[in-house]
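As structure tokens, then:
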């Protein structure tokens, strides 16, 4: 076996100066040109680091002591930040978070797509980068005969039992989780134990309408029956009048997947409602609805601006979900066609169009990479295509169909800059020019970034 040529050894303590950040928000320092990645390190800081892993071309370290602190370092307000791992950036100022995310997009465009000349605008941030999430899914456990709720410790399935609150969650969600746990504990609903696959209550999910303040509670159990359901429902609804829906989901499998296949409303409505801009949305327990509605409005308005559509334009919205972008586009376009693989999402999209009196949006169930080539072969030529794919990006067949349809513009909404950059290579080769990119901070305190990208067909 070849010996490692790394200038450091595992378990060695070293002095390290951080020069940069990775896309995950880890500090980067170098020893004789050999990079070492260290969580919670910030550029400009000097630190004592313990080397915990050594690879051929890079290593990983643990921050032991800071000798010189960056002025961008802040005290995380969360009491379990260093245990949880749900957030990665609470130790850095919000200005640095926004700069890091802009840089992340710039770097992948340069390295993967070789688009050094394309403007990547400063990240649009939140006025208040806390308490923005409108949905929480939290596991339930038991300790000393009492129910506990909390996120899992990093890289484990151990519940963090001293988690008082989650500072990126809507406070209403926090209160609902505490209320369900307190009442369930008192009336004798047991927690699920994943080791023995026994017990009842696995997860509590809460969804809140940011504008409407309507609340949906989803109780996920191993058992077909929810014990003492009437008592639980009565106490919750009498105490919290904003609860509009209580739902029971049954997941009796040994799995890490949260939801099971069977869902039933046990009190109230099947949906809660929320608004983004002028559009009202019905949200079901399984709906994909953006967790940060304030920034969703910013993101979609930017997509609409880039699309530059008028009343004569026909638009395709691929990966349309419950029709959020489609309905924004339909306010300006002649016709919008939405494509989505999830039948329930298409059902919700049609209902949302009806809810808003929008008659020029049509929704189709199917894989975008199959529907688009079919439409192309039928001679369908849209003026603009808006695409908002999952993290894995777009399939080559889909990209090729877009190119062959020859729309004037393509607006690409991305939650993964690396796959965006990869796909831009194909679109550029297919006759499109990347004009500009706007990062939007949808997930403050985490290393995730959304971006909207404008492409125009070269004449």
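In our numbering, the protein residues as written are 885 to 1343. Every residue, glycine too, gets a C-beta built ideally from N, C-alpha and C. In this text the structure is predicted, and so the values were computed from the model without any measurement.
- Report buried or exposed for residue 1204, applying the criterion of at least 16 other Cβ atoms within 10 angstroms of its Cβ. As a position in the chain shown, residue 1204 is number 320, starting the count at 1. The residue is buried, with at least 16 neighbouring Cβ atoms inside 10 Å.
- Message: Do residue 1187 and residue 1295 count as a contact pair if the criterion is CB distance below 7 Å?
- Response: Locating residue 1295 in the chain shown gives position 411, where the first residue counts as 1. Locating residue 1187 in the chain shown gives position 303, where the first residue counts as 1. Their beta carbons are under 7 Å apart, which means residue 1295 touches residue 1187 by this criterion.
- Could you work out which residue in 1280, 1321, 935 and 972 is closest to residue 1313 when comparing CA atoms only? Locating residue 1313 in the chain shown gives position 429, counting from the first residue. Residue 1313 has its Cα closest to that of 1280, out of 1280, 1321, 935 and 972.
- Can you grab the Cα-Cα spacing for the pair residue 1305 / residue 1151, in whole Å? Your numbering for residue 1305 matches position 421 in the chain shown. Your numbering for residue 1151 matches position 267 in the chain shown. For residue 1305 and residue 1151, the distance between alpha carbons rounds to 46 Å.
- Query: Would you say the region 1174–1188 touches the region 1246–1260, given that touching needs at least three Cβ pairs under 8 Å?
  - Reply: no
- Task: Just the C-alpha distance for residue 1067 and residue 1108, rounded to the nearest angstrom, thanks.
- Result: The residue given as residue 1067 occupies position 183 in the chain shown. The residue given as residue 1108 occupies position 224 in the chain shown. Their backbone Cα atoms lie some 20 Å apart in a straight line.
- Task: Classify residue 1103 as helix, strand or coil using the three-state DSSP reduction.
- Result: Translated into positions along the chain shown, residue 1103 becomes position 219. Reduced to three states, the DSSP call for residue 1103 is strand.
- List the DSSP bridge partners of residue 899. In the chain shown, the residue the question calls residue 899 occupies position 15. In the DSSP secondary-structure assignment, residue 899 is bridged to 932.
- Message: I need the DSSP call for residue 921, collapsed to helix, strand or coil.
- Response: Residue mapping note: residue 921 aligns to position 37 of the chain shown, counting from 1. Strand, per DSSP.
- Item | For residue 1354, three-class secondary structure by DSSP | Outside the modelled stretch of the chain, which goes from 885 to 1343, sits residue 1354, for which no answer is possible.
- Beta-bridge pairing of residue 1158 - partner residues as DSSP gives them: Mapped onto the chain shown, residue 1158 falls at position 274. Looking at the DSSP assignment, residue 1158 forms a beta bridge with 1165.
- Can you tell me whether DSSP reads residue 1255 as helix, strand or coil? Residue numbering aside, residue 1255 sits at position 371 when the chain shown is read from its first letter. Three-state result, residue 1255: helix.
- Query: Which ranges does the alpha helix (DSSP H) cover as unbroken runs of at least 4 residues, wholly within the region 965–1003, from first to last along the chain?
  - Reply: 965–968 and 978–995
- Task: Identify whether residue 1215 lies in helix, strand or coil by the three-state DSSP scheme.
- Result: Translated into positions along the chain shown, residue 1215 becomes position 331. Residue 1215 falls in the coil class under three-state DSSP.
- Item | Segment limits, alpha helix (DSSP H) that includes residue 1197 | Locating residue 1197 in the chain shown gives position 313, counting from the first residue. Where residue 1197 is concerned, there is no enclosing alpha helix (DSSP H), given that its DSSP letter is neither H nor E.
- Query: Among 1064, 1169, 1159 and 1175, which has the Cα closest to the Cα of residue 1121?
  - Reply: Position 237 of the chain shown, counting from 1, holds the residue named residue 1121. Nearest of 1064, 1169, 1159 and 1175 to residue 1121, Cα basis: 1064.
- Query: residue 1236 lies in the alpha helix (DSSP H); which residues open and close that run?
  - Reply: Here residue 1236 is taken as the residue at index 352 of the chain shown, counted from 1. Residues 1227–1239.
- Task: Determine the contact status of residue 1336 and residue 1322, defining contact as a CB-CB distance below 7 Å.
- Result: The residue you call residue 1336 lines up with position 452 of the chain shown. The residue you call residue 1322 lines up with position 438 of the chain shown. Cβ distance < 7 Å, so residue 1336 and residue 1322 count as in contact.
- Item | Reference residue 942; option with closest CA among 1175, 916 and 897 | Taking the first residue of the chain shown as position 1, residue 942 is located at position 58. Answer by Cα proximity: 916.
- Would you say the region 968–977 touches the region 1030–1038, given that touching needs at least three Cβ pairs under 8 Å? yes
- Task: Could you tell me whether the region 1284–1300 touches the region 1140–1157, using the rule of 3 or more Cβ pairs below 8 Å?
- Result: no
- Message: Rounded to whole angstroms, what is the Cα-Cα separation between residue 923 and residue 1261?
- Response: In the chain shown, residue 923 corresponds to position 39, counting from 1. In the chain shown, residue 1261 corresponds to position 377, counting from 1. Residue 923 and residue 1261: Cα-Cα distance of roughly 50 Å.
- Task: For my contact list, residue 937 and residue 894 are in at a C-beta cut-off of 8 Å; report their separation, rounded to the angstrom.
- Result: Translated into the one-based positions of the chain shown, residue 937 becomes position 53. Translated into the one-based positions of the chain shown, residue 894 becomes position 10. So it is a contact: roughly 7 Å between Cβ atoms.
- residue 1166 beta carbon less than 7 Å from that of residue 1060: On the chain shown, residue 1060 is found 176 positions in, with the first residue counted as 1. On the chain shown, residue 1166 is found 282 positions in, with the first residue counted as 1. No, they are not a contact pair.
- Would you call the region 1002–1021 and the region 926–934 in contact, with 3 or more CB pairs under 8 Å? no
- Item | Where the alpha helix (DSSP H) containing residue 1301 begins and where it ends | Against the chain shown, residue 1301 aligns to sequence position 417. It spans 1301–1313 - the alpha helix (DSSP H) in which residue 1301 sits, taken as one unbroken run.
- Looking at the structure shown, is residue 1120 part of a helix, part of a strand, or coil, going by DSSP? In the chain shown, the residue the question calls residue 1120 occupies position 236. Helix.
- Cutoff 8 Å; reference residue 1276; Cβ partners in own chain excluding five residues on either side: In the chain shown, residue 1276 corresponds to position 392, counting from 1. Answer for residue 1276: 1300 and 1303, listed in chain order.
- Quick one, which of 918, 913, 1175 and 911 has its alpha-carbon nearest residue 1053's? The residue given as residue 1053 occupies position 169 in the chain shown. Among 918, 913, 1175 and 911, the Cα nearest to that of residue 1053 belongs to 1175.
- Message: So, with DSSP's three-state summary, where would you put residue 1288?
- Response: As a working note, residue 1288 is residue 404 in the chain shown. Helix at residue 1288.
- Return the first residue and the last residue of the alpha helix (DSSP H) that residue 1269 is part of. On the chain shown, position 385 is the one that residue 1269 refers to. Note, residue 1269: premise wrong, no alpha helix (DSSP H); beta strand (DSSP E) at 1268–1271.
- Item | alpha helix (DSSP H) segment containing residue 1065, residue limits | The sequence position of residue 1065 within the chain shown is 181, counting from 1. Element bounds for residue 1065: 1055–1071.
- Task: Mind checking which residues open and close the beta strand (DSSP E) that includes residue 907?
- Result: Position 23 of the chain shown, counted from the start, is the residue given in the question as residue 907. Where residue 907 is concerned, there is no enclosing beta strand (DSSP E), given that its DSSP letter is neither H nor E.
- Around the C-beta of residue 1082, are 16 or more other C-beta atoms found within 10 angstroms, so that it is buried, or is it exposed? Position 198 of the chain shown, counting from 1, holds the residue named residue 1082. With fewer than 16 Cβ atoms within 10 Å of its Cβ, residue 1082 is classed as exposed.
- Message: Buried or exposed for residue 1125, going by 16 or more other Cβ atoms inside 10 Å?
- Response: The residue you call residue 1125 lines up with position 241 of the chain shown. Residue 1125 should be labelled exposed.
- Beta-carbon contacts of residue 831 that lie in its chain and below 6 Å, excluding the five residues immediately before and after: Outside the modelled stretch of the chain, which goes from 885 to 1343, sits residue 831, for which no answer is possible.
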